[in-house]
Amino acid sequence: MRTLKFGIAALATAAIVCVPSVHAQQTTTSNPCKTTVKHHKPTKKDEMPCEDLRKQLADQQAQIDALKQQLADLPKPQPESDPIATPLAQHAQQSADSAQQTANSAQQTATTAQTTAQAADVKATDADKKVDALHDEVYSPSAIHYKGITITPVAFAAAEGVWRQHSVNSDINTPFNSIPFPSANEGHVSELNFSGRQSRLGALFQGQPNTTTKLSGYFEMDFLGTGTSSNNNQSNSYVLRQRQIWGKVELANGFAMTGGQTWSLATEDRRGTDTRTEVQPNTIDSQYLVGYSWERQPGFRVQQRFGDLTTKAFTLAVAAEQAQITNFTAASSVTASIPTDFFFAGIGQNGGLYNAAGNIGAGNTAGTGGITTYANNVAPDVLVKAAFDLPNFHFEVGGLGRFLRDYYYPILTSGGTAAAPTYTYATSYVSNTKAAGGVFADARVYLADKKIEVAAQGMGGTGVGRYGSAQLADATLRPDQTLEPIKNYHGLFSIETHPTSKFDVFAYYGGEYAQRTVYTTAQGDTFGYGPRNLNDAGCYNLPGASGNATGTAGSISAATCGSPTRFIQEAMGGFIWKPIVSPKYGRLQYWVTYSYIQRNLWSGAGSATTPSSPRATEPMVHVSMRYYIP
Numbered sequence: 241m242r243t244l245k246f247g248i249a250a251l252a253t254a255a256i257v258c259v260p261s262v263h264a265q266q267t268t269t270s271n272p273c274k275t276t277v278k279h280h281k282p283t284k285k286d287e288m289p290c291e292d293l294r295k296q297l298a299d300q301q302a303q304i305d306a307l308k309q310q311l312a313d314l315p316k317p318q319p320e321s322d323p324i325a326t327p328l329a330q331h332a333q334q335s336a337d338s339a340q341q342t343a344n345s346a347q348q349t350a351t352t353a354q355t356t357a358q359a360a361d362v363k364a365t366d367a368d369k370k371v372d373a374l375h376d377e378v379y380s381p382s383a384i385h386y387k388g389i390t391i392t393p394v395a396f397a398a399a400e401g402v403w404r405q406h407s408v409n410s411d412i413n414t415p416f417n418s419i420p421f422p423s424a425n426e427g428h429v430s431e432l433n434f435s436g437r438q439s440r441l442g443a444l445f446q447g448q449p450n451t452t453t454k455l456s457g458y459f460e461m462d463f464l465g466t467g468t469s470s471n472n473n474q475s476n477s478y479v480l481r482q483r484q485i486w487g488k489v490e491l492a493n494g495f496a497m498t499g500g501q502t503w504s505l506a507t508e509d510r511r512g513t514d515t516r517t518e519v520q521p522n523t524i525d526s527q528y529l530v531g532y533s534w535e536r537q538p539g540f541r542v543q544q545r546f547g548d549l550t551t552k553a554f555t556l557a558v559a560a561e562q563a564q565i566t567n568f569t570a571a572s573s574v575t576a577s578i579p580t581d582f583f584f585a586g587i588g589q590n591g592g593l594y595n596a597a598g599n600i601g602a603g604n605t606a607g608t609g610g611i612t613t614y615a616n617n618v619a620p621d622v623l624v625k626a627a628f629d630l631p632n633f634h635f636e637v638g639g640l641g642r643f644l645r646d647y648y649y650p651i652l653t654s655g656g657t658a659a660a661p662t663y664t665y666a667t668s669y670v671s672n673t674k675a676a677g678g679v680f681a682d683a684r685v686y687l688a689d690k691k692i693e694v695a696a697q698g699m700g701g702t703g704v705g706r707y708g709s710a711q712l713a714d715a716t717l718r719p720d721q722t723l724e725p726i727k728n729y730h731g732l733f734s735i736e737t738h739p740t741s742k743f744d745v746f747a748y749y750g751g752e753y754a755q756r757t758v759y760t761t762a763q764g765d766t767f768g769y770g771p772r773n774l775n776d777a778g779c780y781n782l783p784g785a786s787g788n789a790t791g792t793a794g795s796i797s798a799a800t801c802g803s804p805t806r807f808i809q810e811a812m813g814g815f816i817w818k819p820i821v822s823p824k825y826g827r828l829q830y831w832v833t834y835s836y837i838q839r840n841l842w843s844g845a846g847s848a849t850t851p852s853s854p855r856a857t858e859p860m861v862h863v864s865m866r867y868y869i870p
């Protein structure tokens, strides 16, 4: 019995020692920037001695139980009949009880040792996780830290291409309002262009000087600009092409102020009216889609949010943005009938860092304001917008106010005929400002756990053509030489699906409309936007055989196809495949879209073979391969 007791004690002592000893092993490795302590996790081989001890303890417990049973089966000795057996039995019982206590203590000690070993394993695992996190922070940071600023790079490299059935002599972007008719040389030749110029560079800078204030700065640029075409019309694309450059301050109470070049407040946002949440169609075409409302231009914006965007929020915003008059049109079958002593814009000056290339025509007689002219603005465009957000729904509605100004010599008298009008003018300029603008709205619904997005947007008003992708005319001329804003309407419907995390399928339809706006002179001629006496007889005629005799390179029609655009529409569909999507290594995606554009002119005077409303079409295919940095 004494031997059994000592054996149990020895086993208990070994159990106490063996388990912690396994976890006492550790190695130290060196690293260029730190010293890491790696803990050794016990293996099955390490745990074998402890398992053997537990087995032996169990065997000893079985022997104790058997001995106690034998003692219980012995007859109870009578003190007076067996004076020797009684002390022996009492001694045996005491030995058995002592052995049981020793075994219980050994079992408790072994259990405590096992618990200590498990805790050591947890601590070692936590330490390993912290070491791995520190390693990732040093060698794979999600952002760059400079003083108190967090810098997040933004960039992708693009290899893209476009095929058009009818040439518009353009890169990836499509000048929608220049789709050629058969009377132009370009209406008979296709084009295929490859480009890497939409590759993008940028960075987001963020800092938080205190618990209630957040500062942000952002810049974004690409290479889709040329020095002779940079302008203020829509994307303000000065080379190296400035897309966005702005700064922002946000307060904890939901108030924010933004200044710099951003997407216009008229552009649909995905969340509230926040910058960097703007929604662009899934197009490779950098002019986006017909019917899409947008601008990227300098301005100032303030907003106030009420509520939480993750549950329910309401946001109000107001902005003052860069103004510009684009695509001014005052056409007539008799050019001389249009008054000429007015102006609203001029060619930029190199000394003023505006583009000096271009021509606005002699006295703005019968053409457009030109792509490189700059309006003499009297006030910025003013926009207001309210946005309402739920987890699966976003809605916004807003208004746009514009002010179109021109200077002119008032007409004192007029005479002559429509073919040869005469005018006498005052000797000093006067100015006239016309109010323009409209309303816009956007709605987006998320279905099937956000795997399907259905959206619609629209804008309508006067003089809002520059806010549409097709860039239809903003204004024309009245007989008294004051500007007249043209009524414009544009809208876009979209369905976007995300069946898997690596595959998107989408379809869009959009259209833009410019209303006929014409006036009759004292001599009986008509001019303005879309006069009915413009000659459209040659819209479908073939160009002359001698080179560019009847249609110069880049022309959209011959002289006998003179009406402006009434309505332009586009249907587009496509898919994106993202074989690699990694928060550590970035995203690789392949992209294909097909578009069909139809450009309809206002009806003019023409032969019987010419439809009353001439139209041109443009099928297009865009392809893209992009690598986005994480």
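In terms of the numbering used here, the sequence shown opens at residue 241 and continues consecutively.
By construction, the Cβ of each residue, glycine as well, lies at the ideal position given by its N, Cα and C atoms.
Integer-rounded CB distance, given that LYS818 should sit under 8 Å from LYS742: 4 Å between Cβ atoms; contact.
In angstroms with no decimal places, state the Cα-to-Cα distance between MET865 and ALA399. A straight line joining the alpha-carbon of MET865 with that of ALA399 spans about 5 Å.
HIS385, buried or exposed, once every other Cβ within 10 Å from all chains shown has been counted against 16: Exposed, by the Cβ-count rule.
Of the listed residues ALA353, TYR830, SER843, THR857, nearest to TYR867 (C-alpha basis): Out of ALA353, TYR830, SER843, THR857, TYR830 has the C-alpha closest to the C-alpha of TYR867.
Of the listed residues GLY826, GLY770, THR365, nearest to ARG806 (C-alpha basis): ARG806 has its Cα closest to that of GLY770, out of GLY826, GLY770, THR365.
Selection from LEU717, SER734, THR613 that minimises the alpha carbon distance to GLY586: The candidate whose alpha carbon is nearest that of GLY586 is THR613.
Which of helix, strand or coil does DSSP assign to VAL362? Helix.
Pick from GLY641, VAL679, LEU505, THR664: whose alpha carbon is nearest that of ILE651? Ranking GLY641, VAL679, LEU505, THR664 by Cα distance to ILE651 puts THR664 first.
Where PHE421 sits in the DSSP three-state scheme: PHE421: coil per DSSP, three-state reduction.
Using the three-state DSSP reduction, which class does LEU345 fall into: helix, strand or coil? Correcting the residue identity first, residue 345 is Ser in this sequence and not Leu. When DSSP states are grouped into helix, strand and coil, SER345 belongs to the helix group.
Applying the 10 Å Cβ sphere with the 16-neighbour rule, what's the burial state of LYS488? Buried.
Whole-angstrom distance between TYR748 and ILE412, CA atom to CA atom: Between ILE412 and TYR748, the C-alpha separation is close to 18 Å.
Alpha carbon of LEU549 to alpha carbon of ASN632, nearest angstrom: If you draw a straight line from the Cα of LEU549 to the Cα of ASN632, it is about 11 Å long.
Quick one: is THR857 buried, meaning 16 or more other Cβ sit within 10 Å of its Cβ, or exposed? With fewer than 16 other Cβ atoms within 10 Å, it is exposed.
Three-state secondary structure assigned by DSSP to VAL489: It is a strand residue.
Three CB pairs or more closer than 8 Å across the segment 574–586 and the segment 517–528: Below 8 Å, too few C-beta pairs join the segment 574–586 and the segment 517–528 to call them touching: fewer than three.
Option nearest THR566 by Cα separation, candidates HIS862, ASN728, SER852: In terms of CA proximity to THR566, ASN728 leads the group HIS862, ASN728, SER852.
Sufficient close CB pairs (3 or more, under 8 Å) joining the segment 546–565 to the segment 629–645: Contact annotation: the segment 546–565 touches the segment 629–645, with at least three C-beta pairs closer than 8 Å.
With which residues is GLY500 paired in a DSSP beta bridge? GLY500 is bridged to TRP486, GLY539.
Could you tell me if LYS625 is buried or exposed, where buried requires 16 or more neighbouring beta carbons within 10 angstroms of its beta carbon? Buried: at least 16 other Cβ atoms inside 10 Å.
So is ILE651 in contact with chain B if we call contact Cβ pairs under 8 Å? Protein chains in the displayed structure number just one, and chain B is not present.
Please report the Cβ distance between GLY814 and TYR834, rounded to the nearest whole angstrom; I am assuming they are in contact, meaning their Cβ atoms lie under 8 Å. With a contact defined as Cβ atoms closer than 8 Å, GLY814 and TYR834 qualify at about 6 Å.
Using the Cα positions of PHE635 and ALA681, report the straight-line distance between them to the nearest angstrom. Near 8 Å, if we compare the C-alpha coordinates of ALA681 and PHE635.
Tell me which residues share the same chain as ALA619 and place their Cβ nearer than 6 Å to its Cβ, disregarding the 5 neighbours each side in the sequence. In its chain, beyond the 5 residues on either side, PHE643 have a beta carbon closer than 6 Å to the beta carbon of ALA619.
Give me, in chain order, the residues of the same chain whose beta-carbon lies closer than 6 Å to that of GLY655; leave out the 5 immediate sequence neighbours on both sides. Closer than 6 Å at Cβ, skipping near neighbours: THR662.
Thinking ARG541 and THR498 are a contact (beta carbons under 8 Å), I'd like their distance in whole angstroms, please. Going by Cβ atoms, the distance from ARG541 to THR498 rounds to 4 Å, so yes, they are a contact pair.
When you compare the CB positions of PHE767 and ALA571, do they come within less than 8 Å of one another, or not? If you check the CB distance, PHE767 and ALA571 come in under 8 Å.
For the beta strand (DSSP E) containing PRO393, list its first residue and its last residue. Looking at the DSSP string, the run of the beta strand (DSSP E) that includes PRO393 is 389–404.
Roughly how far, in whole angstroms, is the beta-carbon of ILE726 from the beta-carbon of PRO393, given that I think they are within contact range, below 8 Å? The pair is not a contact, with the Cβ atoms about 43 Å apart (cut-off 8 Å).
Residues bridged to ASP682 [DSSP beta-bridge criterion]: GLU636, GLN697, per the DSSP bridge assignment.
Is LYS369 helix, strand or coil by DSSP? Reduced to three states, the DSSP call for LYS369 is helix.
What does a CB cutoff of less than 6 Å around PHE459 pick up in its chain, not counting 5 residues either side in sequence? Result list for PHE459: GLY442, ILE485, in chain order.
Going by the CB atoms, is the gap between GLN711 and GLY750 shorter than 8 Å? For the 8 Å CB-CB criterion, GLY750 and GLN711 do not form a contact.
Sequence-distant residues of its chain with Cβ nearer than 6 Å to VAL758 (five each side left out): Around VAL758: THR766, GLY768, PRO771.
Of the listed residues GLU490, ARG839, ARG510, LYS454, nearest to VAL694 (C-alpha basis): The shortest C-alpha separation from VAL694 is found at ARG510.
Considering only C-alpha positions, which residue in the set VAL861, VAL863, THR800, LEU828 is nearest to PRO854? Looking at VAL861, VAL863, THR800, LEU828, the one whose alpha-carbon comes closest to that of PRO854 is THR800.
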